[in-house]
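Sequence lines, in order, name chains S and W. Using UniProt numbering, the first residue of the first sequence is number 1, and each one after it goes up by one. Using UniProt numbering, the first residue of the second sequence is number 1, and each one after it goes up by one. Note that beta-carbon positions come from the ideal geometry of N, C-alpha and C, so glycine has one too.
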Amino acid sequence: MKKENMIITTHRRIARDVYEMELEGDLVQETAGPGQFLHILPPLSDSMLLRRPISICKTDKKNSRLTIVYRAEGKGTNQLALAPVESRLDVMGPLGNGFPAADVPAGEHVLLTGGGIGVPPLYDTACNLREKGIELTTVLGFSDKGAVFYEEPFRELGDVYVATEDGSYGTAGFVTDAIAGENLFFDRIFACGPVPMLKALETAYPKARGSISLEERMGCGLGVCLACVCHSREDTDGTDYRKICSDGPVFSWGEVLL
Amino acid sequence: MSRMSVSLPGLEMKNPVMPASGCFGFGEEIGALYDLDELGAVALKATTLEPRYGNETPRVAETASGMLNAIGLQNPGLKKVISEKLPPLASRDVPLLANIAGSTMEDYEAVADALSSTGAVGALELNISCPNVKQGGIAFGTDPALAAELTERVKAVSNVPVYVKLSPNTSDITRIAEVVEKAGADGLTLINTLTGMKIDRKTGRPLLANQAGGLSGPAVKPVAIRMVHALRQQTTLPIIGMGGIMEAEDIIEFIMAGADAVAVGTANFTNPFICPELIAELDGILENEQVDHLYDLRAEEAGVR
Numbered sequence: 001m002k003k004e005n006m007i008i009t010t011h012r013r014i015a016r017d018v019y020e021m022e023l024e025g026d027l028v029q030e031t032a033g034p035g036q037f038l039h040i041l042p043p044l045s046d047s048m049l050l051r052r053p054i055s056i057c058k059t060d061k062k063n064s065r066l067t068i069v070y071r072a073e074g075k076g077t078n079q080l081a082l083a084p085v086e087s088r089l090d091v092m093g094p095l096g097n098g099f100p101a102a103d104v105p106a107g108e109h110v111l112l113t114g115g116g117i118g119v120p121p122l123y124d125t126a127c128n129l130r131e132k133g134i135e136l137t138t139v140l141g142f143s144d145k146g147a148v149f150y151e152e153p154f155r156e157l158g159d160v161y162v163a164t165e166d167g168s169y170g171t172a173g174f175v176t177d178a179i180a181g182e183n184l185f186f187d188r189i190f191a192c193g194p195v196p197m198l199k200a201l202e203t204a205y206p207k208a209r210g211s212i213s214l215e216e217r218m219g220c221g222l223g224v225c226l227a228c229v230c231h232s233r234e235d236t237d238g239t240d241y242r243k244i245c246s247d248g249p250v251f252s253w254g255e256v257l258l
Numbered sequence: 001m002s003r004m005s006v007s008l009p010g011l012e013m014k015n016p017v018m019p020a021s022g023c024f025g026f027g028e029e030i031g032a033l034y035d036l037d038e039l040g041a042v043a044l045k046a047t048t049l050e051p052r053y054g055n056e057t058p059r060v061a062e063t064a065s066g067m068l069n070a071i072g073l074q075n076p077g078l079k080k081v082i083s084e085k086l087p088p089l090a091s092r093d094v095p096l097l098a099n100i101a102g103s104t105m106e107d108y109e110a111v112a113d114a115l116s117s118t119g120a121v122g123a124l125e126l127n128i129s130c131p132n133v134k135q136g137g138i139a140f141g142t143d144p145a146l147a148a149e150l151t152e153r154v155k156a157v158s159n160v161p162v163y164v165k166l167s168p169n170t171s172d173i174t175r176i177a178e179v180v181e182k183a184g185a186d187g188l189t190l191i192n193t194l195t196g197m198k199i200d201r202k203t204g205r206p207l208l209a210n211q212a213g214g215l216s217g218p219a220v221k222p223v224a225i226r227m228v229h230a231l232r233q234q235t236t237l238p239i240i241g242m243g244g245i246m247e248a249e250d251i252i253e254f255i256m257a258g259a260d261a262v263a264v265g266t267a268n269f270t271n272p273f274i275c276p277e278l279i280a281e282l283d284g285i286l287e288n289e290q291v292d293h294l295y296d297l298r299a300e301e302a303g304v305r
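In structure tokens, the structure reads:
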């Protein structure tokens, strides 16, 4: 983990309120697999004290660059959207434990399921799996056509199905509707998205092997402040927990209570 | 004695800076980032008799120049703190201030007795000001009679000096300070967080699962400075001041107001390296201004100690 002023090398809007930013810096060398995150201090503000956890979407160690994709939703991320190319961002990272892409044995077929702003960490995961020759299928869920992003990049790596809640693009409904409707087969599933989506997946496929990545309001991002905890599933007396920032954000299928 | 060193009951500090309780856990995570021996002391996360999960999430919310938290005293409980959390810290060259909390006076006594007997802890910090738990905590910090009785009972069982952490959520902090001093407190730490709330625009309801939370960060610093200043006028007890310290000049402001040492809280979340950075920055200021000791920065009439 490093704390570094990274340089913004590219920054553009790719869907409604969704931005893609490429950053350059030494901490890229410390990334250890897909699904880790950066903790970014909103720029150009004295009044915001908390960093924003944003997952890494793509890593390019050779050029010490990585890409993040984020949604400008609150004050901090809207401020981030204003940051110009060539300016510097106060970044801490890489943090957390990502998807266990390295543990997927050859010959397995992996289903990647992303919802909304949960899609980005799956892209790095997809690249990682493809490099190893793992077959994959991707299902992306969005609210509507204007919110869709990264369909094409994923298509270069395998089959892609898109679901939109309002039916304006792809399958009408949720990712679970697309998976069932297309009768998709998989040996393992990696998912990232809103809790209702993850819950629906774990309920629909209780015996599946795989991992989910969680999002939560964070404080320190290091496991110190205990702002982002969740109950473990085998919690018997109400005190067993996982820290989303440092034990996660990726957890085994069924490990935590959603 | 160096220009930065500070001697408080139970805490021989190389410099006046310690991370505040609840903002540093038990030193495991940040201890991986730098040498904890650089710190003046370490205030540990509140320990209760039994393990506590704390509140549901969301537990934090950002506010202008501050943050609200409602963690709810999550901790592994006395037994695990003694068996797992203290040993790695005990071998270090940095004094520990162990924060203790509970729902009943008997809880506090049991935790105080056990922690102060470990030999690992330099002093106790009596948490009678946590705004985020339903029982105990702040009730002990706002009712003078309860505060005095609890202080007396904890003092009776403790083998190390006892600091009382005061709440700003009271109409008269000087009254609480007065009674806990009479009850035998060895020092005061202040301020704990100010009770606050944020409403979620989308739901129309409080954003934090606990509804209310404790406000910290630079937003509360003027409140903290005023209270440290007020207490310095009435007592010679050592004061550990805290509330919104983000830079070395803030530390100087607390020292000038009458604090003998300071604790850094929320800033650890913005920058986990902040404590050693502040220590270096403060020492640089003393060097530049050719001050023999930190306390010499105080106006003459301010320093009653």
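Check	Outcome
Considering W/M67, what are the terminal residues of the beta strand (DSSP E) in which it resides?	66-69
Give a yes or no on whether 8 angstroms exceeds the smallest Cβ distance from S/G219 to chain W.	yes
Using the beta-carbon count (16 or more within 10 Å), is S/E202 buried or exposed?	buried
Let me know the secondary structure DSSP gives W/I251 once reduced to three states.	helix
How is residue 270 of chain S classed by DSSP in three states: helix, strand or coil?	Residue 270 of chain S falls outside the range modelled here, since chain S spans only 1 to 258, and no answer is possible.
If distances are taken between C-alpha atoms only, which option among S/R217, S/R233, S/E131, S/S45 comes closest to S/A227?	S/R217
Closer than 8 angstroms between beta carbons: that is the criterion. Which residues of the region 176-199 of chain S meet it against chain W?	none
On a Cα-Cα basis, can you pick out the residue from S/C230, S/E215, S/G210 that is closest to S/F99?	S/G210
Enumerate in chain order the residues of its own chain whose CB-to-CB distance from S/A72 is below 8 angstroms, with the five nearest sequence positions on each side excluded.	D17, V18, Y19, N78, L80, A81
Would you mind sorting W/D172 into buried or exposed? The rule is 16 or more other CB atoms within 10 Å of its CB.	exposed
Can you check DSSP and say which residues form a bridge with S/V160?	S/T138
Use the C-beta contact count for S/G223: other C-beta atoms within 10 angstroms, 16 or more gives buried, fewer gives exposed.	buried
So W/A46 and W/L11 are in contact, right, with Cβ under 8 angstroms, and what is the actual spacing, rounded?	No, W/A46 and W/L11 are not in contact; Cβ-Cβ is about 18 angstroms, not under 8 angstroms.
Could you please give the first and the last residue of the uninterrupted alpha helix (DSSP H) stretch that includes W/I138?	138-142
Is there a Cβ of chain W sitting closer than 8 angstroms to that of S/T77, yes or no?	no
Please state whether the Cβ-Cβ distance between S/G93 and S/L38 is less than 8 angstroms.	yes
Starting from the C-beta of W/R153, find all residues in its chain whose C-beta is less than 6 angstroms away, skip the five residues before and the five after it, and write them out in chain order.	M105, E109
When the distance is taken between beta carbons, is S/A163 closer than 8 angstroms to S/D144?	no
Three-state secondary structure (DSSP) at S/F185?	coil
Reducing DSSP to helix, strand and coil, say where S/S55 ends up.	strand
On the criterion of 16 or more Cβ atoms from any shown chain inside 10 Å, does W/V291 qualify as buried, or is it exposed?	exposed
Should S/N63 be labelled buried (16 or more other beta-carbon atoms within 10 Å of its own) or exposed?	exposed
Could you tell me whether the Cβ of S/M48 comes closer than 8 angstroms to any Cβ of chain W?	yes
Looking at C-alpha atoms only, which residue of W/A177, W/P161, W/N169 is the closest neighbour of W/T236?	W/A177
If you draw a straight line from the alpha carbon of W/L89 to that of W/F273, how long is it in whole angstroms?	18 angstroms
Quick check on this structure: which residue in S/R13, S/M6, S/T9, S/D103 has the alpha carbon closest to the alpha carbon of S/F190?	S/D103
For W/I239, report the span of its alpha helix (DSSP H) as first-last.	First-last for W/I239: 239-242, but that is the beta strand (DSSP E), not the alpha helix (DSSP H).
Run down chain W in chain order and give the residues with a C-beta less than 8 angstroms from the C-beta of S/G238.	Y53
At the level of alpha carbons, what is the spacing between W/L49 and S/R242?	21 angstroms
For W/E84, does the count of other Cβ atoms within 10 angstroms reach 16, so buried, or fall short, so exposed?	exposed
What residues of chain S sit near W/S65, judged by a beta carbon separation below 8 angstroms?	D46, S47, L49
State yes or no: is the beta carbon of S/E30 nearer than 8 angstroms to at least one beta carbon in chain W?	no
Residues of chain W with CB under 7 angstroms from S/E216, in chain order?	T57
Could you give the DSSP three-state label for S/N78: helix, strand or coil?	helix
Cutting at 6 angstroms between CB atoms, please list the residues of its own chain near S/S47, excluding the five before and the five after it.	none
Output the boundary residues of the alpha helix (DSSP H) element that contains W/C23.	First-last for W/C23: undefined, no H or E at that position.
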